[in-house]
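For reference, the structure discussed in these notes is given below.
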Amino acid sequence: MGWEASVTDYRNDARRELARAKDELASADVERLKYAALELRMAMESLTYDRALAYKAEFPPAEYETWQPRKVMAILLEIDPNADKDSSLAFGIEPSLGVTPEVMEALGTEIVLNMATIKRHYDALGSYLHVPTIKQRKAGAKIDAAKFRARCDEIAAYLTEVLSSPVWNTTMGNFATHDCMKCGHPIRKRMPHGQDVVDAKCFECGATYKVTDVGEGKVHFEPDQVEVKCANPECKTSVFPWRSEIVPNSGWKCEVCGGENDIKLMIQHRPADPVEAEKPGGDGE
Ligand SMILES: [Zn+2]
Ligand SMILES: [Zn+2]
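Now the structure itself:
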């Protein structure tokens, strides 16, 4: 109906893959289950990319086009915590400004592919698509055809529901954008309704932020930095690294005393220095 077919029409690909899977499942031949499984896996991949394209503006630039479905879904979840949840859309006319309409017209529920489903189904199907290892064979491993078929039927039913959803790829909501203060790459994050603070992460360098809704469509990106002090008891000069930088085997050279501080996963106790303890004043801690 005037809709132009496109090379990235993954949703239609998914429909075709699902249809072919159903053809295979219609057969009583156990040997055809693996072909059904392959089509189902591809349908799940198509839907993941379909979702990614809907979030194109929110995605980190360029390289995502080469990513595998699992990675794409992980990124989708990071940008939008609701990406794996079903959402309902409804519209209504406000009787007066700000008053909730009495009649809301439902547009339908969008049932989207969620990460849990990918993990569970995608991986489970994968195990059916490989020849058992020699060790598995020796242990007498055999494919349970009934279980395999039940799994395929479950996925086919789920994908049918997803693909017949009247509303899809809605990316409603406010997106917060800010250039990373550490590496300069843009960070985008959806601000979910009714949530004032969300965590955001730079895909490029891993720096984390607290994003706060400060009202009137404005957000505040606060760098998730922590204060750590030089471990030289004579110095104790503070530095403010990103939380993501506090990992074992990292460290820093103190600019004040010139000493090296290594971050290691350990508890090291040093008894109090009697000279230091007698010193008046200190840093007030
Ligand atoms: Zn960054
Ligand atoms: Zn120092």
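Numbering (numbering that gives the first Met the number 0), first residue to last: 0 to 284.
Cβ atoms here follow ideal geometry from the backbone N, Cα and C, with glycine treated the same way.
Separation of the CB atoms of Ala-206 and Lys-188 is rounded to 13 Å, and the pair is thereby denied contact status at 8 Å. Counting only residues of its own chain and dropping the five nearest sequence neighbours on each side, Thr-211 has a CB closer than 7 Å to the CB of Asp-195, Val-196, Val-218, His-219 and Glu-221. DSSP places Tyr-157 in the uninterrupted alpha helix (DSSP H) bounded by 144 to 162.
Taking every protein chain shown into account, the CB of Ala-145 has fewer than 16 other CB atoms within 10 angstroms, so this residue is exposed.
Tyr-157 places its beta carbon 7 Å or farther from that of Ala-36. Distances from the CA of Val-255 to each of Lys-263, Thr-236, Pro-240 and Ser-249 were compared; the closest alpha carbon is that of Thr-236. At the C-beta level, Tyr-121 and Met-43 come within 7 Å of one another. Classified as buried, Glu-38 has 16 or more neighbouring CB atoms from the shown chains inside 10 Å of its CB. Close to ligand 2, as judged by a C-beta nearer than 6 Å to any of its heavy atoms, are the residues Cys-229, Asn-231, Cys-234, Thr-236, Cys-253, Val-255, Cys-256 and Gly-258, in chain order. When secondary structure is reduced to three states using DSSP, Asn-231 falls in the coil class, being assigned neither helix nor strand. According to DSSP, residue pairing for Asn-260 in a beta bridge involves Trp-251. Between Val-71 and Ala-51, the C-beta gap is smaller than 7 Å, which places the two residues in contact.
If you draw a straight line from the Cα of Val-238 to the Cα of Gly-258, it comes to about 13 Å. Straight-line spacing of the CA atoms in His-177 and Ala-138 works out to 55 Å.
Look at Ala-140: its beta carbon is at least 6 Å from all of the heavy atoms in ligand 1. When rounded, the separation of the alpha-carbon atoms in Phe-147 and Leu-32 is 7 Å. Note: Ala-53 is not bridge-paired with any residue in the DSSP secondary-structure output.
With respect to the C-alpha of Ile-142, the residue from Asn-248, Asp-152 and Pro-131 having the closest C-alpha is Pro-131.
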